[in-house]
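Residue numbers (this note's numbering): 21 to 121. A quick write-up on the structure given underneath.
So this is what it looks like as structure tokens:
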């Protein structure tokens, strides 16, 4: 497995009526974030972008990047209703839970 690949893909709905997309890696998350409108970029966007970029240069872990990107998607209303979201730290390695609508 590629070191920058997410353990579980982040499932997003980019816009109402569009099919669910799966983001499998840090690179895909960065591509998505780079296309995000400037007027909608805020602190959570910056945290997600920095974590994803940091993972590419070994400053952050892939897990941290995934969690930051998933949090950005959740706050932005992009996270698919059936998405699995990384569990809280300390709840066991590889722990994922379903999001609640």
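Cβ atoms here follow ideal geometry from the backbone N, Cα and C, with glycine treated the same way. These numbers were taken from a predicted model, which means no experiment stands behind them.
Where residue i sits in the DSSP three-state scheme
i: residue 87; result: helix
i: residue 28; result: strand
i: residue 99; result: strand
i: residue 112; result: Only weak support is given to the placement of residue 112: the predicted model assigns it a pLDDT of 48, under 50, and the value that follows is read from those uncertain coordinates. Note: residue 112 maps to coil in three-state DSSP.
Of the listed residues the options, nearest to residue i (C-alpha basis)
i: residue 28; options: 62, 98, 83; result: 83
i: residue 25; options: 87, 94, 101, 92; result: 87
i: residue 51; options: 70, 63, 37; result: 70
i: residue 35; options: 102, 104, 103, 96; result: 96
i: residue 67; options: 59, 104, 90; result: 90
i: residue 100; options: 22, 23, 38; result: 38
i: residue 56; options: 93, 40, 104; result: 93
Buried/exposed call for residue i, threshold 16 Cβ in 10 Å
i: residue 85; result: buried
i: residue 31; result: buried
Does the region 32-50 come close enough to the region 74-83 that 3 or more CB-CB pairs lie under 8 Å?
-> yes
Starting from the N-terminal side, write out each stretch of the alpha helix (DSSP H) that is 4 residues or longer and does not extend beyond the region 35-80.
-> 46-54, 63-76
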